[in-house]
Amino acid sequence: MPHVTMEYSANLETRSDIGALCRAARAALMKTGLFELGAVRVRAVRCDHCAIADEHPDNAFLAALIRIGAGRTLDERRQAGAAVHDALAAALAPLFDTPHFALSVDLVENDTGLSWKTNAMHARLRGKSG
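Residue numbers (the working numbering): 31 to 160.
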């Protein structure tokens, strides 16, 4: 953890580099110093079917959900969420010049009793920086 899932409207692909957005979110999380390199996952999921606001064909969205493991303070959780939001907002800045784009970022903390993980990357990456 953290794992970031970014859902986005299909029409965003013609207006932004989705891979670059994934890398920006990853870099923002690593810069916080709160997470191990081997723990970060960022994925983007294209939404081909959606109804956005007034259904204007230019409407677009990106909704990022950050899931983290338990154990960080409220301030640390806010820092992580704000870092991802700010990185994505900067990368998507031109879209805010139009009245057709929405960005949301939410962070949730997993219940340790209801989360299972097996990660072989930690041993290889522990001690390296992002």
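For glycine and all other residues, C-beta sits at the position ideal for the given N, C-alpha and C.
Per-residue DSSP class, three states only, for residue i
i, result
"residue 66", "coil"
"residue 33", "strand"
"residue 82", "coil"
"residue 127", "helix"
"residue 136", "strand"
"residue 58", "helix"
"residue 45", "coil"
"residue 144", "helix"
"residue 156", "coil"
Cut-off 8 Å between Cβ atoms - residues of its own chain near residue i, not counting five sequence neighbours on either side
i, result
"residue 138", "95, 96, 97, 98"
"residue 128", "88"
"residue 149", "68, 69"
Buried versus exposed, by CB contacts within 10 Å (16 or more), residue i
i, result
"residue 73", "exposed"
"residue 159", "exposed"
"residue 123", "exposed"
Chain-order list of residues whose beta-carbon lies under 6 Å from that of residue i (same chain, five-residue window excluded)
i, result
"residue 41", "90"
Rounded separation between residue i and residue j - CA only
i, j, result
"residue 75", "residue 54", "16 Å"
"residue 66", "residue 131", "32 Å"
Worksheet item: Are the stretch 139-159 and the stretch 112-121 in contact at 8 Å, needing three or more beta carbon pairs?
Response: no
- Query: Any contact of the stretch 44-54 with the stretch 77-87, i.e. 3+ C-beta pairs under 8 Å?
  - Reply: no
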